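Take a look at the structure below.
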Amino acid sequence: MTASAPPTRSRRKRKRTAAFVLLGALLVVVLAAVAAIVYLGSLSQSFDTNTKKIPNAFPQESSRPAEPAPGPDGKRPVNILLVGSDSRGATGAIAESGAPSDQRSDTMMLVHVPADRQQVYVTSIMRDLWVPIPDHGSAKINAALAFGGVPLMVQTVESLLGQRLDHVAFVDFEGFKGLTDAVGGVTVNVPKAFTASQTSDIHFNAGPQTMNGEQALAFVRERYAFADGDYQRVRDQQIFMKALVSKIATPQTLTNPVTLANAVSGFSPYLTVDSGFTASAIASLGLELVNVRPSDIVTFTLPTNGTGWSTDGQSIVLLNQAATTGLADAMARGTVPTYVTANNLANGN
Numbered sequence: 159m160t161a162s163a164p165p166t167r168s169r170r171k172r173k174r175t176a177a178f179v180l181l182g183a184l185l186v187v188v189l190a191a192v193a194a195i196v197y198l199g200s201l202s203q204s205f206d207t208n209t210k211k212i213p214n215a216f217p218q219e220s221s222r223p224a225e226p227a228p229g230p231d232g233k234r235p236v237n238i239l240l241v242g243s244d245s246r247g248a249t250g251a252i253a254e255s256g257a258p259s260d261q262r263s264d265t266m267m268l269v270h271v272p273a274d275r276q277q278v279y280v281t282s283i284m285r286d287l288w289v290p291i292p293d294h295g296s297a298k299i300n301a302a303l304a305f306g307g308v309p310l311m312v313q314t315v316e317s318l319l320g321q322r323l324d325h326v327a328f329v330d331f332e333g334f335k336g337l338t339d340a341v342g343g344v345t346v347n348v349p350k351a352f353t354a355s356q357t358s359d360i361h362f363n364a365g366p367q368t369m370n371g372e373q374a375l376a377f378v379r380e381r382y383a384f385a386d387g388d389y390q391r392v393r394d395q396q397i398f399m400k401a402l403v404s405k406i407a408t409p410q411t412l413t414n415p416v417t418l419a420n421a422v423s424g425f426s427p428y429l430t431v432d433s434g435f436t437a438s439a440i441a442s443l444g445l446e447l448v449n450v451r452p453s454d455i456v457t458f459t460l461p462t463n464g465t466g467w468s469t470d471g472q473s474i475v476l477l478n479q480a481a482t483t484g485l486a487d488a489m490a491r492g493t494v495p496t497y498v499t500a501n502n503l504a505n506g507n
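Have a look at this one:
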């Protein structure tokens with residue numbers, strides 16, 4: 159084999175694949191499937207077949223924000239709600255029904271793709287954030303799923319940030335295990351040493367550590383080992399997602415059909431999406447993100463006013479209304495980079 163440059167078509171295929179993978183990584187499971195759409199086109203049908211669908215994911219149109227006006231090139235911003243749940247495999251059935259249940263979301267991330275498609279912003283929303291839930295008064299934001307199913311959860315987030323959600327994706331934490339093993343492990347720069355509270359034989363030292371599936375699952379689940387609990391878990395999940403992007407975006411992964419096939423088959427059963435979030439829809443958006451690099455993914459947590467207590471004695475996270483309004487305005491005006499810089503929010507803050 160020579161070291162000559164590959165044909166132009168091959169370079170274009172790998173570049174498109176990387177774009178699909180980048181978007182998919184933000185959506186956790188979708189990442190491997192999107193890569194497979196281009197590199198192994200036959201797997202796109204497998205992805206659509208294996209993922210569960212939410213038939214009625216959105217609230218009535220009259221209660222939703224209007225679609226934003228398109229930019230000069232005709233593109234609109236895209237907002238995707240990523241919901242993680244530690245229900246030990248039951249997330250798919252719960253989300254698929256779309257109906258109220260006793261399940262609450264453990265992790266919520268808003269993936270915002272600006273109209274210019276130059277960066278991707280991932281905002282973590284604290285699960286115990288005390289917010290108004292339409293027709294239910296104030297409660298923890300993760301209670302919306304229990305009160306009114308997926309449509310009420312969508313309506314609550316849309317009301318909080320004044321932004322229309324285009325898609326919803328649920329992922330069960332159990333899926334991290336299979337996906338991590340499928341790509342041969344993920345190297346994560348662990349910020350704080352800890353021992354997993356539910357699996358005492360798993361210990362994480364501070365610094366770079368290559369995790370297998372079992373370790374990755376323990377890493378993204380853990381909150382009891384930290385003084386600030388869910389705050390550190392959210393930061394760890396952001397760190398893991400970026401590490402996963404870096405691993406998937408390597409040529410060794412993108413050009414390995416077996417790895418991609420294993421990633422799709424091992425993780426897609428843990429993904430539940432709205433009926434419009436098909437492999438084709440993801441691929442179309444991925445093409446528009448062809449120039450986005452892993453370093454262009456900006457992760458941060460929606461600023462809060464710390465913790466406190468509700469009038470009925472619940473431990474809650476207090477809403478920072480000024481910061482929340484500021485982010486909503488920035489998303490509406492296309493000035494999220496300025497907002498992130500002004501509030502020192504980039505990558506984990």
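Here the sequence shown stands for residues 159 to 507, numbered as in our numbering. Idealized CB from N, CA, C, for every residue including glycine. Remember, predicted model here, so these are calculated numbers, not experimental data.
The beta-carbon separation of Ala421 and Leu337, rounded to 6 Å, stays under the 8 Å limit for a contact.
One Cα belongs to Pro427, the other to Lys210, and the distance between them is close to 7 Å. With contacts defined as CB atoms closer than 8 Å, Phe334 and Leu375 qualify as a contacting pair. Each of Ala504, Thr462, Glu446, Glu219 was checked against the Cα of Leu476, and the nearest Cα belongs to Thr462.
Ile440: member of the alpha helix (DSSP H) spanning 437-446, first to last residue. Nearest neighbour of Thr314 by Cα position, chosen from Arg393, Pro290, Val329, turns out to be Pro290. For Ile455, the three-state secondary structure derived from DSSP is strand.
The continuous beta strand (DSSP E) containing Phe328 extends over residues 325-330. When the five nearest sequence neighbours on each side are left out, the beta carbons in the same chain lying within less than 6 Å of the beta carbon of Ser282 are those of Met267, Val392, Thr459, in order along the chain.
Three or more beta-carbon pairs separated by less than 8 Å are not found between the segment 354-372 and the segment 294-307, which leaves the two stretches without contact. Linking Ser317 to Arg222 through their CA atoms gives a straight-line distance of about 8 Å.
Within the DSSP secondary-structure output, Tyr279 pairs in a beta bridge with His270, Val456.
DSSP, reduced to helix, strand and coil, places Thr265 within a strand of the structure shown.
The alpha-carbon of Val346 is positioned some 30 Å away from that of Ala481.
In the three-state DSSP reduction, Ser433 falls in the coil class, being neither helix nor strand. For Gln373, the closest of Ala407, Glu225, Asp359, Tyr382 by C-alpha to C-alpha distance is Asp359. Taking a cut-off of 8 Å on C-beta distances, the segment 272-279 touches the segment 229-245, as three or more cross pairs fall below it. Straight-line spacing of the CA atoms in Asn501 and Val344 works out to 30 Å. Taking C-beta atoms as the reference points, Ala441 and Asp206 fail to come closer than 8 Å. Using a Cβ distance threshold of 8 Å, Thr430 and Ile238 do not count as a contacting pair. In this chain, the alpha helix (DSSP H) harbouring Met311 covers 302-319. Judged by DSSP in its simplified three-state form, Met489 adopts helix. Counting the other Cβ atoms within 10 Å of the Cβ of Gly471 gives fewer than 16, which makes it exposed. Note on Tyr279: 16 or more other CB atoms within 10 angstroms of its CB, so buried under the neighbour-count rule.
Using a Cβ distance threshold of 8 Å, Ala302 and Phe435 do not count as a contacting pair.
Note: Pro366 is bridge-paired with Asn347 in the DSSP secondary-structure output.
Taking the CA atoms as reference points, Met489 sits about 37 Å from Pro415.
The three-state reading of DSSP puts Ser221 in helix, counting H, G and I together.
Boundaries of the beta strand (DSSP E) around Gly466: 462-467.
In the structure shown, the three-state DSSP call for Ala376 is helix.
Just so you know, the alpha carbons of Glu225 and Thr353 end up roughly 46 Å apart. Put simply, the backbone Cα of Arg451 is about 23 Å away from that of Arg491. When the five nearest sequence neighbours on each side are left out, the beta carbons in the same chain lying within less than 7 Å of the beta carbon of Thr411 are those of Val341, Lys405, Thr417, in order along the chain. Look at Ser202 here: in three-state DSSP terms it is helix.
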